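In our numbering, the protein residues as written are 5 to 549.
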Ligand code: BG6
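Listed below in structure tokens is the structure:
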């Protein structure tokens, strides 16, 4: 760790993947052979004690429904290329796009190429692209068109023949939820959901998993009518983020924090996901959904579960999910939702030096919309470890800046043997996990100010990923797509977690539905005044970010 005050330390840039490793990964990806051992052995920065080999996917096809959507272009297609560039895709890997466009393979390849050029994390390499390009196919059609799905089944059989993909298919539904039933029904009808012996079929579902408990349940009924639970991968991309997984490493690989990670030492926990962007072109999705359904039901409650759960017996899906479920089950809402929740809607303002419009003026949003773009809620966890410790969750669009963090704020020292003047500006100790940006962990504690007096004030110790590790972190979707292809489920929430999260949120949504227009807040600010008032009633303040 280095003290934050060291400017030289904080000026260091994260180092990209080592060239030797990259070159070898490329060579392996192109040759389609010997990736794991070769990549591992050739990395000069590798710790020689580390006997682990990179996890590499076996032969398979990724079928992408919704190829023209924003998610595919910005995240999924670039992540697939990045996996190829890191030598983690199998030889013969094939990517099939399915959409309502009158396209040929080359049109989908062109879209993929542009997406990779614009958004890939790793450098563009012609050899890797060529290898990927050979496996790109497109099947045009409507989701309701039986003929199109029959053509998909035939195309997949042919790919198995020519590229040795062994009948292993991952179906990624990056489509609006209203299309889930019809796509799943088609996969069932064509028997694409049935894995012949020795092969696998998996379905990947993007959030939102419903818009309340009832609809989440119905969606699950539809999905499980075609796929067994073990073949369903529900994506919550926050679980693919390195910093989010590091919450588990921090808590359970160390002995330093866990003894104080409880009601005897912790005063409260703040989980913040602040965004500076507005809703962009997503009016159709966002309006009527709002901030709480969009990110509290999934990302923030998953963060809460990881921070508050007991230690799982292993990192296997069943153990991890069991512990998250237990803690989500123990979450309690405050009796008075009016005083302990806040919601807001962004008004016009300034962001990054530019004038921006308010939510109600965004294209596609009705002038009467009551959808919240900011939400804050206070929760408690009724168990021995956390009874009486509030967990404050907040999220919003068009806030001061983009930052996601978990702050565990500790109780004040029971006694200060200093004069009141000397500790006047001393705050509470805190451990802050910075999920993004500037990924890392900060510990805030009191320190003597140099000088002849005994003045004590807050300082920070920082761990920054960029300084400690020589490789830049993979994107969340790289990790999650690889896990789907490998069939490794720990980082995917189970349906029970999804439903427990809706059980927490439904009463809040029902209450808000009776409350009319959310409070306006200026774009570029830190949200509505009611959110500050909610904290002030508890004698606390939101962290300044
Ligand atoms: C998505 C939400 O799940 O997460 C978006 O639907 C949000 O509204 C996005 O902008 C934020 O993701 P990240 O990884 O940029 O924090």
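Glycine included, each C-beta is placed from N, C-alpha and C at the ideal position.
These numbers come from a predicted model, not from an experiment.
With DSSP run on the structure shown, which of helix, strand or coil describes residue 354?
Taking the chain shown and counting its residues from 1, the one referred to as residue 354 is at position 350. For residue 354, the three-state secondary structure derived from DSSP is strand.
Let me check you understand the geometry: is the CB of residue 302 closer than 8 Å to at least one non-hydrogen atom of the ligand BG6?
Working through the chain shown from its first residue, we reach residue 302 at position 298. For the ligand BG6, at least one heavy atom lies less than 8 Å from the Cβ of residue 302.
With a threshold of 8 Å (Cβ to nearest heavy atom), would residue 458 be considered close to the ligand BG6?
Locating residue 458 in the chain shown gives position 454, counting from the first residue. No, the ligand BG6 has no heavy atom inside 8 Å of this Cβ.
May I ask you to check if the CB of residue 241 is nearer than 8 Å to at least one heavy atom of the ligand BG6?
In the chain shown, counting from the first residue as 1, residue 241 sits at position 237. Yes, the Cβ of residue 241 comes within 8 Å of a heavy atom of the ligand BG6.
Is DSSP giving residue 303 helix, strand or coil here?
Locating residue 303 in the chain shown gives position 299, where the first residue counts as 1. Reduced to three states, the DSSP call for residue 303 is helix.
From this set, 273, 298, 271, which residue's C-alpha is nearest residue 283's C-alpha?
Position 279 of the chain shown, counted from the start, is the residue given in the question as residue 283. If we check each option's Cα against that of residue 283, 298 comes out closest.
Which same chain residues, not among the five before or five after residue 355, have their C-beta less than 7 Å away from its C-beta?
Taking the first residue of the chain shown as position 1, residue 355 is located at position 351. 280, 402, 527, 528.
If you measure from the beta carbon of residue 191 to each beta carbon in chain B, is any gap under 9 Å?
In summary, chain B is missing from the structure at hand, where a single protein chain is found.
Out of 525, 170, 163, 115, state which residue places its alpha-carbon closest to the alpha-carbon of residue 353.
If you number the chain shown from 1, residue 353 lands on position 349. Selected option, being the one with the closest Cα: 525.
Could you pull out every unbroken beta strand (DSSP E) segment of at least 3 residues lying fully inside the segment 220-255, listed in chain order?
236-239
Considering Cα atoms alone, identify which of 450, 307, 206, 223 is closest to residue 181.
Indexing the chain shown from 1 puts residue 181 at position 177. When each option's Cα is compared against that of residue 181, the closest is 223.
Classify residue 195 as buried or exposed, calling it buried when 16 or more other Cβ atoms lie within 10 Å of its own Cβ.
On the chain shown, position 191 is the one that residue 195 refers to. Exposed: under 16 other Cβ atoms inside 10 Å.
Does the Cβ of residue 561 lie closer than 8 Å to at least one heavy atom of the ligand BG6?
An answer regarding residue 561 cannot be provided, because it is not within the stretch 5 to 549 covered by the chain.
On the CB-based measure, 16 or more other CB atoms within 10 Å of its CB, does residue 250 come out buried or exposed?
For the purposes of this step, residue 250 is taken as the residue at position 246 of the chain shown. Buried, since its Cβ has 16 or more Cβ neighbours within 10 Å.
State whether the segment 69-82 contacts the segment 95-115, with contact taken as three or more CB pairs (one from each stretch) at a distance under 8 Å.
yes
Would you check if the distance between the CB atom of residue 243 and the CB atom of residue 495 is smaller than 9 Å?
As a position in the chain shown, residue 243 is number 239, starting the count at 1. As a position in the chain shown, residue 495 is number 491, starting the count at 1. Contact: yes.
Determine the extent of the beta strand (DSSP E) in which residue 261 is found, giving its start and end residues.
For the purposes of this step, residue 261 is identified with residue 257 of the chain shown, where counting begins at 1. Per DSSP, residue 261 belongs to no beta strand (DSSP E) and is neither H nor E.
Using only the alpha-carbon positions, how far apart do residue 514 and residue 216 sit?
Taking the first residue of the chain shown as position 1, residue 514 is located at position 510. Taking the first residue of the chain shown as position 1, residue 216 is located at position 212. The C-alpha of residue 216 is placed about 10 Å away from the C-alpha of residue 514.
Report, in whole angstroms, the separation of the C-beta atoms of residue 452 and residue 460, which I expect to be a contact under 8 Å.
For the purposes of this step, residue 452 is identified with residue 448 of the chain shown, where counting begins at 1. For the purposes of this step, residue 460 is identified with residue 456 of the chain shown, where counting begins at 1. Indeed they touch by this definition, with Cβ atoms about 6 Å apart.
Would you mind stating whether residue 498 and residue 233 have Cβ atoms separated by less than 9 Å?
Working through the chain shown from its first residue, we reach residue 498 at position 494. Working through the chain shown from its first residue, we reach residue 233 at position 229. Residue 233 is positioned such that its CB atom lies closer than 9 Å to that of residue 498.
Between residue 389 and residue 266, is the Cβ-Cβ spacing less than 9 Å?
Residue mapping note: residue 389 aligns to position 385 of the chain shown, counting from 1. Residue mapping note: residue 266 aligns to position 262 of the chain shown, counting from 1. Against a cut-off of 9 Å, the Cβ pair of residue 266 and residue 389 comes out as a contact.
Once you ignore the five residues that flank residue 37 on each side, which residues in its own chain have a CB closer than 8 Å to its CB?
In the chain shown, the residue the question calls residue 37 occupies position 33. Residue placement at residue 37 is poorly supported in this model, since its pLDDT is 37, which falls under 50; the coordinates still yield a value, given next. So the list reads 95, once near-sequence residues are dropped.
If you count every other CB in all the chains shown that lies within 10 Å of the CB of residue 429, and 16 or more means buried, which is it?
Locating residue 429 in the chain shown gives position 425, counting from the first residue. The residue is exposed, with fewer than 16 neighbouring Cβ atoms inside 10 Å.
My parser needs the beta strand (DSSP E) runs of 3 or more residues fully inside the segment 376-421; what are they?
378-385, 395-400, 407-414
List in chain order: all unbroken alpha helix (DSSP H) runs of 4+ residues lying wholly within the segment 278-329.
287-290, 305-312
May I ask whether a heavy atom of the ligand BG6 can be found less than 8 Å away from the beta carbon of residue 375?
As a position in the chain shown, residue 375 is number 371, starting the count at 1. Every heavy atom of the ligand BG6 is 8 Å or more from the Cβ of residue 375, so no.
If I measure Cβ to Cβ from residue 192 and keep anything under 8 Å in the same chain, skipping five residues before and after, which residues do I get?
For the purposes of this step, residue 192 is taken as the residue at position 188 of the chain shown. If we look at residue 192 and ignore the five residues flanking it on each side, its Cβ neighbours are 229, 230.
Only counting the same chain, and skipping five residues up and downstream in sequence, which positions put a Cβ closer than 6 Å to that of residue 18?
Along the chain shown, read from residue 1 onward, the residue named residue 18 stands at position 14. The predicted position of residue 18 is uncertain, since its pLDDT is 36 and thus under 50; no value can be drawn from it.
Suppose you measure from the CA of residue 124 to the CA of residue 115; what does that come to, to the nearest Å?
For the purposes of this step, residue 124 is identified with residue 120 of the chain shown, where counting begins at 1. For the purposes of this step, residue 115 is identified with residue 111 of the chain shown, where counting begins at 1. Approximately 13 Å, taken between the alpha carbons.
Quick one, which of 449, 366, 343 has its alpha-carbon nearest residue 534's?
Here residue 534 refers to the residue found at position 530 of the chain shown. Closest by alpha carbon: 343.
Do residue 504 and residue 335 come within 9 Å of each other at the CB atom, strictly closer than that value?
Counting from 1 along the chain shown, the entry for residue 335 is found at position 331. Counting from 1 along the chain shown, the entry for residue 504 is found at position 500. Yes, the pair counts as a contact, with Cβ atoms nearer than the cut-off.
Report buried or exposed for residue 145, applying the criterion of at least 16 other Cβ atoms within 10 angstroms of its Cβ.
Here residue 145 is taken as the residue at index 141 of the chain shown, counted from 1. So residue 145 ends up on the buried side.
Whole angstroms are fine: how far does the CA of residue 201 sit from the CA of residue 274?
Stepping through the chain shown from its first residue, residue 274 is reached at position 270. Stepping through the chain shown from its first residue, residue 201 is reached at position 197. For residue 274 and residue 201, the distance between alpha carbons rounds to 48 Å.
Quick one: using the 10 Å Cβ neighbour count with 16 as the cut-off for buried, is residue 466 buried or exposed?
Reading the chain shown from its first residue, position 462 is the one you call residue 466. By the 10 Å Cβ count, residue 466 comes out buried.
May I ask you to check if the CB of residue 85 is nearer than 8 Å to at least one heavy atom of the ligand BG6?
Within the chain shown, residue 85 is the residue found at index 81, counting from 1. No - the ligand BG6 has no heavy atom lying nearer than 8 Å to the Cβ of residue 85.
Measure how close the beta-carbons of residue 481 and residue 79 come, nearest whole angstrom, since I'm counting them as under 8 Å.
Your numbering for residue 481 matches position 477 in the chain shown. Your numbering for residue 79 matches position 75 in the chain shown. Correct: roughly 5 Å between the Cβ atoms.
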